[in-house]
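Residue numbers (my numbering): 442 to 639.
Have a look at this one:
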């Protein structure tokens, strides 16, 4: 069974993923794979240079992600070009991860399942959900960004209702890490039961 773990910025996806890992479940983070896809001298990096030239490179020839992020949020054409470079690399690595998983089921952490219309790639969609105020408070604290910047990111992501519309399972994450762990444990038990009933 392949579980797609999703949620908006600051919802607690990473904390939930860590709890699944603590329970012995194999996890892959699509954002981390995407970030690594553009590491210097990688296939993705070379394709990036082909398309964008040196305009986003720092003095050590690494991609200046902050500069790139600012441009991507305001330039749909460049966003599409970047996604056409990164998404196939991420997809291939996720397929490789799934083929080699050791745990009874695996979790693929994909913040943009709704936006990429990829829910069909997963047996279950698990949404880590919280209200917008909680998202802003957590993200501002974690990323040291203004609430205005966080709101910009939220406005580019799927709405809460859109994410809820594709979810098979939902964890409302508005209180403590202990509560989040207990809810992850309940879902973990549910997934094991589903596998045993197949």
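The beta-carbon is built from N, C-alpha and C at its ideal position, and this holds for glycine as well.
Through-space distance from residue j to residue i, alpha-carbon basis
| i | j | result |
| --- | --- | --- |
| residue 545 | residue 638 | 13 Å |
| residue 542 | residue 461 | 14 Å |
| residue 485 | residue 530 | 7 Å |
| residue 560 | residue 469 | 16 Å |
| residue 473 | residue 609 | 24 Å |
| residue 618 | residue 491 | 44 Å |
| residue 622 | residue 575 | 18 Å |
| residue 516 | residue 596 | 15 Å |
| residue 562 | residue 634 | 21 Å |
| residue 593 | residue 558 | 21 Å |
| residue 539 | residue 500 | 37 Å |
| residue 479 | residue 598 | 22 Å |
| residue 601 | residue 551 | 15 Å |
| residue 572 | residue 582 | 16 Å |
| residue 523 | residue 455 | 24 Å |
| residue 403 | residue 507 | Beyond the ends of the chain as shown, which are 442 and 639, falls residue 403; an answer cannot be given. |
| residue 487 | residue 528 | 15 Å |
8 Å Cβ cutoff met for residue i and residue j
| i | j | result |
| --- | --- | --- |
| residue 449 | residue 614 | no |
| residue 591 | residue 447 | no |
| residue 569 | residue 549 | no |
| residue 457 | residue 612 | yes |
| residue 513 | residue 520 | yes |
| residue 442 | residue 605 | no |
| residue 580 | residue 451 | yes |
| residue 628 | residue 567 | yes |
| residue 476 | residue 502 | no |
Identified DSSP bridge partners for residue i
| i | result |
| --- | --- |
| residue 509 | Residue 509 is not bridged to any residue. |
| residue 618 | Residue 618 is not bridged to any residue. |
| residue 695 | Because the chain is modelled from 442 through 639, residue 695 falls outside the range shown and cannot be assessed. |
| residue 469 | 549 |
| residue 611 | 568 |
| residue 446 | 550 and 567 |
Beta-carbon proximity list for residue i, same chain, < 8 Å, skipping 5 on both sides
| i | result |
| --- | --- |
| residue 603 | 555 |
| residue 632 | 442, 444, 545, 546 and 565 |
Min CB distance residue i to chain B below 8 Å
| i | result |
| --- | --- |
| residue 618 | Absent here is chain B; the protein component of the structure consists of one chain. |
Same chain, Cβ closer than 7 Å to residue i, neighbours up to 5 away in sequence not counted
| i | result |
| --- | --- |
| residue 498 | 504 and 505 |
| residue 586 | 580 |
| residue 607 | 554, 555, 560 and 566 |
Could you give the uninterrupted runs of the beta strand (DSSP E) lying entirely in the region 513 to 539, keeping only those of 3 residues or more?
Taken in chain order, the region 513 to 539 contains no complete beta strand (DSSP E) segment of 3 residues or longer.
What beta strand (DSSP E) runs, 3 residues minimum, are completely inside the region 524 to 608?
Qualifying beta strand (DSSP E) stretches, in chain order: 547 to 550 and 565 to 570.
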